[in-house]
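Trainee:
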């Protein structure tokens, strides 16, 4: 329904995320939620104490979480901001054929929204992150080593699972490295 409050939208999102297949979010070409039901028998929708503790921490530290198209937020970026960027994974891979590099469409899924996240969008995002760095922001980008990737809610049944990669523009402290 289009008449939901912000709280109602958040509650519905949490419900769909917790009860949908593998916590996946995607929409069809009409922009409608398009994820099958998950197979969990019992679902814990939220942990009230955890949500309140996170809220208190975010408010105390004046942390703002935005969920926007990256092309719209450049004017908001300022020095010491931190951006966590988790785009749809790159779906193109390069293979060697007779010693030549050949680009090949992989089986990566890039249709989480009505508009697919294309190879061109991946390049635009790279340029966006360079501009953010010039404005003094730190960022961490997730993607995968572009190979075949299979999504399955049972980790032991994932075939040739892809290696998740993290790309950032800052150095971890020694303590942070130990915590990894």
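Numbering (this note's numbering), first residue to last: 299 to 478. Glycine is no exception: its CB is placed at the ideal position from the N, C-alpha and C atoms.
Is the separation between the beta-carbon of residue 375 and that of residue 435 shorter than 8 Å?
Mentor: Counted from its first residue, the chain shown places residue 375 at position 77. Counted from its first residue, the chain shown places residue 435 at position 137. For residue 375 and residue 435, yes; Cβs fall inside 8 Å.
Trainee: Check whether the segment 345-357 and the segment 410-427 are in contact - that is, three or more C-beta pairs closer than 8 Å.
Mentor: no
Trainee: If we count the other Cβ atoms within 10 Å of its Cβ and call it buried at 16 or more, is residue 441 buried or exposed?
Mentor: The residue given as residue 441 occupies position 143 in the chain shown. Result: buried.
Trainee: What's the call for residue 380, buried or exposed, on a 16-neighbour Cβ count within 10 Å?
Mentor: The count along the chain shown starts at 1 and reaches residue 380 at position 82. The Cβ neighbour count for residue 380, taken over all protein chains shown within 10 Å, is under 16; the residue is labelled exposed.
Trainee: Assuming residue 427 contacts residue 383 (C-beta within less than 8 Å), just tell me the rounded distance between them.
Mentor: Residue numbering aside, residue 427 sits at position 129 when the chain shown is read from its first letter. Residue numbering aside, residue 383 sits at position 85 when the chain shown is read from its first letter. Sure, about 7 Å apart at Cβ, within 8 Å.
Trainee: Could you tell me whether the Cβ atoms of residue 336 and residue 320 are closer together than 8 Å?
Mentor: The residue labelled residue 336 in the question sits at position 38 within the chain shown. The residue labelled residue 320 in the question sits at position 22 within the chain shown. Yes, they are a contact pair.
Trainee: Based on DSSP bridge pairs, tell me the residues matched to residue 436.
Mentor: Position 138 of the chain shown holds residue 436. DSSP, once it has assigned bridges, lists 380 as partnering residue 436.
Trainee: Give the straight-line distance between the Cα atoms of residue 304 and residue 386, rounded to the nearest whole angstrom.
Mentor: Taking the chain shown and counting its residues from 1, one reaches residue 304 at position 6. Taking the chain shown and counting its residues from 1, one reaches residue 386 at position 88. Looking at the backbone, the Cα of residue 304 and that of residue 386 are separated by about 25 Å.
Trainee: Nearest-angstrom Cα distance between residue 333 and residue 358?
Mentor: One-based indexing of the chain shown puts residue 333 at position 35. One-based indexing of the chain shown puts residue 358 at position 60. Computed Cα separation, rounded: 35 Å.
Trainee: Quick test of your reading: residue 464 and residue 438, contact by CB under 8 Å. State the CB separation rounded to the nearest angstrom.
Mentor: Translated into the one-based positions of the chain shown, residue 464 becomes position 166. Translated into the one-based positions of the chain shown, residue 438 becomes position 140. Sure, about 6 Å apart at Cβ, within 8 Å.
Trainee: What does a CB cutoff of less than 6 Å around residue 318 pick up in its chain, not counting 5 residues either side in sequence?
Mentor: The residue you call residue 318 lines up with position 20 of the chain shown. Excluding sequence neighbours, residue 318 sits near 333, 336.
Trainee: On a Cα-Cα basis, can you pick out the residue from 466, 311, 377, 420 that is closest to residue 433?
Mentor: As a working mapping, residue 433 is identified with position 135 in the chain shown. Considering only alpha carbons, the answer is 377.
Trainee: Where residue 371 and residue 313 are concerned, what is the direct C-alpha to C-alpha distance, given to the nearest angstrom?
Mentor: As a first step, residue 371 must be located in the chain shown, where it is residue number 73. As a first step, residue 313 must be located in the chain shown, where it is residue number 15. Straight-line Cα distance between these residues: approximately 28 Å.
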